[in-house]
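Per the numbering used here, the sequence shown runs over residues 9 to 163. Virtual Cβ for every residue (Gly too), placed ideally from N, Cα, C. Owing to the predicted nature of the structure, the values given are computational and were not obtained by experimental measurement. What follows is a set of notes on a single structure, which appears directly below.
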Amino acid sequence: MATAATTPDPLHELSHDHRHLSELVLEVRALLGDGPLGDGDRAELADAVARLHDELLVHFAREEEGLFPFVLERLADLGSRVETLRAGHDSVCGALSRLHHAIGHGTAGAWRDTFARFESLYGAHAREEISVLREVAARLDAAARVELDAILEGL
């Protein structure tokens, strides 16, 4: 029988993912800086944005394929908040895709403007997601956490 000390905490893992994603966002912000950017900077920035995009897709897929259905089944009253998060995934990914495109075609000023829009969307989304994760965590017992952990591990 699992004890509180050994019970998997998939919600903590999802929160940890956000810390990692936020570190990648900060890396992109640092690469953009506020000075002139050269051709080498463009390639490094494009690589960082691509890594961030890939990590976001994995994180969002785990939520949409595992967490969200689990929450909707057990905590149906959170349905509107889950749908808001799902829509936020599309907005965040869209903004990041526009940034990646701008890096290939635009100027540093356009990159910075597009990044600012992305960062605003990502920040608002992350705050709401952490709020929902806290709400879910407060309402799940150990058995439900083990079940959710198994679902997420299978993805």
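C-beta neighbour in chain C for residue i, strict 8 Å
| i | result |
| --- | --- |
| residue 85 | Here there is only one protein chain, and chain C is not present. |
Exposed unless 16 or more other CB atoms sit within 10 angstroms - verdict on residue i
| i | result |
| --- | --- |
| residue 18 | buried |
| residue 9 | Note that residue 9 has pLDDT 42, beneath the 50 cutoff, so the model's placement of it is unreliable and the number below is only indicative. Residue 9 is exposed by the Cβ-count criterion. |
| residue 167 | Any question about residue 167 goes unanswered here, given that the chain covers just 9 to 163. |
| residue 71 | buried |
| residue 51 | exposed |
| residue 12 | Legend: pLDDT at residue 12 = 49, less than 50; position of this residue unreliable, no value from coordinates given. |
| residue 108 | buried |
| residue 56 | buried |
DSSP-derived helix/strand/coil call for residue i
| i | result |
| --- | --- |
| residue 17 | coil |
| residue 44 | coil |
| residue 9 | Summary for residue 9: the model assigns pLDDT 42, below 50, so the residue's position carries little reliability, and this model does not support an answer. |
| residue 85 | helix |
| residue 149 | coil |
| residue 115 | coil |
| residue 22 | helix |
| residue 6 | Given a span of 9 to 163 for the chain in the structure shown, any question on residue 6 remains unanswerable. |
Proximity below 8 Å, CB of residue i to CB of residue j
| i | j | result |
| --- | --- | --- |
| residue 137 | residue 26 | yes |
| residue 78 | residue 22 | no |
| residue 40 | residue 106 | no |
| residue 80 | residue 87 | yes |
| residue 36 | residue 53 | yes |
| residue 89 | residue 76 | no |
| residue 104 | residue 61 | yes |
| residue 152 | residue 59 | no |
| residue 101 | residue 160 | no |
| residue 141 | residue 99 | no |
| residue 116 | residue 45 | yes |
| residue 123 | residue 97 | no |
| residue 16 | residue 154 | yes |
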